[in-house]
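Q: Quick one: the structure is below, and I'll ask about it shortly.
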Amino acid sequence: QFSATADKGQVLKYAGTNPYMPLDVCIEALAANATFVARSFAGDAKQLEALLKAAIAHKGLAVLDVISPCVTFNNHDASTKSYAYGKEHEVQLHELNFVPSFEQIEIDEYDDETEVQLHDGSWLVLKKLGEEYDPTDKILAYRTLEDARNQQKLLTGIFYIEPETPNFV
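Set out below in structure tokens:
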């Protein structure tokens, strides 16, 4: 079974080809009336730290989508982490759940757009929002996210914020 964020056309050995468009967490957050909506990439620590601080400090509902490569789905024939390889070479000493760690993917500072290769060999295109972007315009946030989705680009930054949001408490 594909995750809700799996790319349309993605192929999995036992699930076939995904016929559905991926769910965009930030678009869903806007639809749910979150008052702070942002996205970052785990390999861009400087931006992620700033967005985490901003999300925590926000008084309303904050949604921060953090894109972090997952080795759990590295399930292809060439991989020693695949289902088939594991079943063929399995020696059970204990019953446990384990996700092997890989080296952290980090990226250098970039101005506009950069490509990042993930552990499974696939590529992610990251694009930062420009300084001229108005994050208080909710309709602009929807349009910007939809345009990026149609272009298969992953935007990072603050998409929407209501600065005068009262506390929930």
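Residue numbers (this note's numbering): -4 to 164.
The C-beta atom is built at its ideal place from N, Cα and C for all residues, glycine as well.
By the three-class DSSP mapping on this structure, what secondary structure does Gln112 have?
A: To locate residue 112, count along the sequence shown from 1; it is residue 117. In this structure, Gln112 counts as strand in the three-state DSSP scheme.
Q: Once DSSP output is grouped into helix, strand and coil, what is the label at Leu46?
A: Translated into the one-based positions of the sequence shown, residue 46 becomes position 51. DSSP places Leu46 in helix when its eight states are reduced to three.
Q: Just reading off the beta strand (DSSP E) that Tyr137 is part of, what are its end residues?
A: Residue 137 sits at position 142 when you count from the first residue of the sequence shown. No beta strand (DSSP E) contains Tyr137, which is instead part of the alpha helix (DSSP H) from Lys133 to Asn145.
Q: For Thr0, which residues from the same chain have a beta carbon less than 6 Å from its beta carbon, with the 5 sequence-adjacent residues on both sides left out?
A: In the sequence shown, the residue the question calls residue 0 occupies position 5. Contacts found: Pro17 and Leu18.
Q: For Arg127, tell me which candidate among Lys3, Asn145 and Asp107 has the shortest Cα-Cα distance.
A: For the purposes of this step, residue 127 is taken as the residue at position 132 of the sequence shown. Arg is not the amino acid found at residue 127; the sequence shown has Glu there. Among Lys3, Asn145 and Asp107, the Cα nearest to that of Glu127 belongs to Asp107.
Q: Taking the alpha helix (DSSP H) that Leu18 falls in, what are its first and last residues?
A: As a working mapping, residue 18 is identified with position 23 in the sequence shown. Note, Leu18: premise wrong, no alpha helix (DSSP H); not H, not E.
Q: Please state whether DSSP places Leu7 in a helix, a strand or coil.
A: As a working mapping, residue 7 is identified with position 12 in the sequence shown. Reduced to three states, the DSSP call for Leu7 is strand.
Q: Just the Cα atoms here: how many angstroms apart are Thr12 and Glu98?
A: The sequence position of residue 12 within the sequence shown is 17, counting from 1. The sequence position of residue 98 within the sequence shown is 103, counting from 1. So the two alpha carbons sit approximately 29 Å from each other.
Q: Going by C-alpha distance, which of Phe31, Leu43, Val20 and Val6 is nearest Arg144?
A: Start at 1 with the first residue of the sequence shown, and residue 144 comes out as number 149. Of Phe31, Leu43, Val20 and Val6, the residue nearest in Cα terms is Val20.
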